[in-house]
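Engineer: Right, I'll just put the structure down here and ask away after.
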Amino acid sequence: MRILFKAFLLFIWLLRSSNNGAYANDNDLSHSYIVSVSSLIPPTVCNRTRTALPQGPGKVSLEVLGRYGPCSKLNQGKSRNTPSLEEILRRDQQRLHLKNSRRLQKAIPDNFKKTKAFTFPAKTGIVAADEYYIVVAIGKPKQYVSLLLDTGSGITWTQCKPCIHCSQQRDPFFDPSKSKTFSKIPCNSTTCKILLEWFPPNGQDKCSSKECPYDIAYVDGSGETGFWATDRMTIQEVNGNGYFARYPFLLGCTDNNTGDQNGASGIMGLDRGPVSIISKTNISYFFYCLHSPYGSTGYITFGKPDTVNKKFVKYTPIVTTPEQSEFYHITLTGISVGGERLPLKASYFTKLSTEIDSGTIITRFPAPVYSALRSAFRKRMKKYKMGKGIEDLFDTCYDLSAYKTVVVPKITIHFLGGVDLELDVRETLVVESVRQVCLGFALLPSDPNSILLGNVQQRGYEVHYDVAGRRLGFGPGNCN
């Protein structure tokens, strides 16, 4: 009798809901999300109470903030200058081109392999890569800078004073003359010789001055120029309990920047390249949780998780090759939409190069994958009115203004080792307004053999980088 009563209540609820919403497939709710349309709009009020930072011995955790969210200090007092979604996506597309233009395919020199462990002390951070950032301190006494968090870059750099041509930033420019620990790398040094081999100056004499030139140029004509230097890098938790420092720390001191960091001072490179903070320190494990929605905050932790939390992390191998890539490549084996696998063989997926990148916003697929994903998603959303696309990036958008609730099919990305990344609604959709709700994936036309896993699809999960163990994991996050 009790079971019949519950079934009757469920029937009444579905009947009432059908008057206010539309369902793409009423028989497939176990592989779908039933969501309120109004909940898809990101909140405009900062809520810093949702996220508890991982703590414990041997680790340092920093607060992560979204560049464009209500908690972002980079936006304070400048809301009218916050770019539109179209502009954010345009910048993301530009970054993809810049990233491809500076990929390096060289083996790591022995001189740049991991150095001895050092004593760690930084200032509370905010993590981001393009969209997420951290705050760290450089120099002695400390000068605070906001750096975009980027697992797809290796160089850590900041704009330095005096700046010939620099983009706007919220923090004061780093002033080398005020730091007792700042030191320029001489152009005739062994270190400079190695750096110039890896990052050859663009169209200038390698040693036209006493300092080691830093010159990164991109295909669109933008770039950064300056010089290589060392100084003290400090990272410290908000509560001041955990901290670490690196001295000397290698960084690029930019005094001419034709790019745009959207209010940030520079970039912290977290890839496996020869000059990244990962390669130059004893950091062999780190993980982050990029928050969703934008109203909350996230975190990044340098150090291993505790034993209890580690049990819930599922790992997939980081691809290893004779010449180690500086990027984090993993193996994708398939994608499911609404509980059904796309009609593409696992052998096809495993041949693709899949890179996970915190600095890229949108996940991009080659044409066969994107076409199959789009078709499967549209099939299950066919009862909803199509809306206007966004730029040339999103072509599967919906006008949901007539509905109170909608059913969105679950998308799951499958990786080698039986690791499944089941995406939440906010990791599936990108929302401009209720009239423009789009499938948050795009085509990668520049490379038919690659997949780029962006940060939208990473949000809400803890993404674990076991660099020493050469594996990458996904676990439940505490920032959703």
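The sequence shown begins at 52 in the working numbering and counts up one residue at a time. No residue lacks a Cβ here, since even glycine has one placed at the ideal position from N, Cα and C.
1) So I351 and V115 are in contact, right, with Cβ under 8 angstroms, and what is the actual spacing, rounded?
2) Taking the beta carbon of V96 as the centre, do at least 16 other beta carbons fall within 10 Å, making it buried, or is it exposed?
3) Would you tell me roughly how many angstroms separate the C-alpha atoms of K193 and P227, rounded to the nearest one?
4) Out of P121, C122, E137, point me to the one whose CA is closest to N481's CA.
5) Between L503 and the ligand GTP, is the CB less than 8 angstroms from at least one heavy atom?
6) Would you report the Cα separation of T358 and G109, rounded to the nearest angstrom?
7) With DSSP as the reference, label R392 as helix, strand or coil.
8) State the Cα-Cα distance for the pair K362 and F525, rounded to the nearest angstrom.
9) To test your reading of the DSSP string, which unbroken alpha helix (DSSP H) runs of 4 or more residues are found completely within the segment 339 to 364?
10) If contact is defined by three or more beta carbon pairs under 8 angstroms, each pair taking one atom from either stretch, is the segment 448 to 468 in contact with the segment 182 to 197?
11) Taking C-alpha atoms, which residue in G528, L198, V485, I328 lies nearest to L91?
12) Just to check my reading of the structure: G317 and W249 have Cβ atoms closer than 8 angstroms, yes? What is that Cβ distance to the nearest angstrom?
13) Roughly how many whole angstroms lie between the Cα atoms of R32 and Y421?
14) Looking only at its chain, what residues have a beta carbon closer than 7 angstroms to the beta carbon of L261, apart from the 5 residues adjacent to it on each side?
15) To which residues does DSSP link A188 through a beta bridge?
16) Would you mind stating whether G468 and C340 have Cβ atoms separated by less than 9 angstroms?
17) For P394, which of A423, R521, Q508 has the nearest alpha-carbon?
18) Taking L302 as the reference, give the member of T202, T411, K235 with the closest Cα.
19) Taking C-beta to C-beta, are G205 and V326 nearer than 9 angstroms?
20) Among F337, N360, S81, V364, which residue has its Cα nearest to the Cα of L472?
21) Report, in whole angstroms, the separation of the C-beta atoms of T382 and T405, which I expect to be a contact under 8 angstroms.
22) Using three-state DSSP, classify A296 as helix, strand or coil.
23) Counting Cβ pairs, one atom from each stretch, are 3 or more of them under 8 angstroms apart for the segment 207 to 223 and the segment 410 to 421?
24) So, helix, strand or coil for L200, using DSSP?
25) Which partner residues does W208 have in the DSSP bridge list?
26) Starting from T463 and walking both ways along the beta strand (DSSP E), at which residues does that stretch end?
27) Just the Cα atoms here: how many angstroms apart are L147 and S230?
28) Rounded to the nearest angstrom, what separates T170 and R118 at their Cα positions?
29) Out of I139, V518, P134, Q508, which one is the CA nearest neighbour of S343?
30) So, under 8 angstroms CB-CB, F428 and V388 are touching, yes? Tell me the CB distance rounded to an integer number of Å.
31) Keeping to the same chain, check which residues put their C-beta closer than 6 angstroms to that of S197; ignore five residues upstream and five downstream.
32) Please say whether T305 and G277 have beta carbons closer to each other than 9 angstroms?
33) Residue ranges of each alpha helix (DSSP H) run of no fewer than 4 residues wholly in the segment 457 to 526, ordered along the chain?
34) Below 8 angstroms on the Cβ atoms is my guess for P368 versus P499; work out the distance and round it to an integer in Å.
35) Pick from D201, T285, P252, L494: whose alpha carbon is nearest that of Y195?
Structural biologist: On the basis of the coordinates in this document:
1) 6 angstroms
2) Here V96 is exposed. Its C-beta has fewer than 16 other C-beta atoms within 10 Å.
3) 11 angstroms
4) The identity of residue 481 in the sequence shown is Val, whereas the question assumes Asn. The candidate whose alpha carbon is nearest that of V481 is E137.
5) You won't find the ligand GTP in this model; it holds no ligand whatsoever.
6) 13 angstroms
7) strand
8) 11 angstroms
9) Listed in chain order, the complete alpha helix (DSSP H) runs (minimum 4 residues) inside the segment 339 to 364 are 358 to 361.
10) no
11) If we check each option's Cα against that of L91, V485 comes out closest.
12) G317 to W249, Cβ: 18 angstroms. No contact.
13) Lying outside 52 to 531, the shown extent of the chain, residue 32 is not represented and no answer is given.
14) The residue you asked about is not Leu; residue 261 is Lys in the sequence shown. The residues are P237, C238.
15) A188 pairs with Y195, T285.
16) no
17) A423
18) K235
19) Cβ atoms of G205 and V326: closer than 9 angstroms.
20) The candidate whose alpha carbon is nearest that of L472 is V364.
21) 6 angstroms
22) Reduced to three states, the DSSP call for A296 is strand.
23) no
24) strand
25) G303, I318
26) 462 to 466
27) 35 angstroms
28) Note on T170: pLDDT 26, under 50, position unreliable in the model; no value is reported.
29) Q508
30) 6 angstroms
31) Y184, V186, D222, A315, S316
32) T305 sits close to G277, with the two beta carbons spaced by under 9 angstroms.
33) DSSP runs (the alpha helix (DSSP H)) wholly in the segment 457 to 526: 476 to 479.
34) With a beta-carbon spacing of about 24 angstroms, P368 and P499 fall beyond the 8 angstroms limit used to define contacts.
35) For the residues D201, T285, P252, L494, the minimum Cα distance to Y195 belongs to T285.
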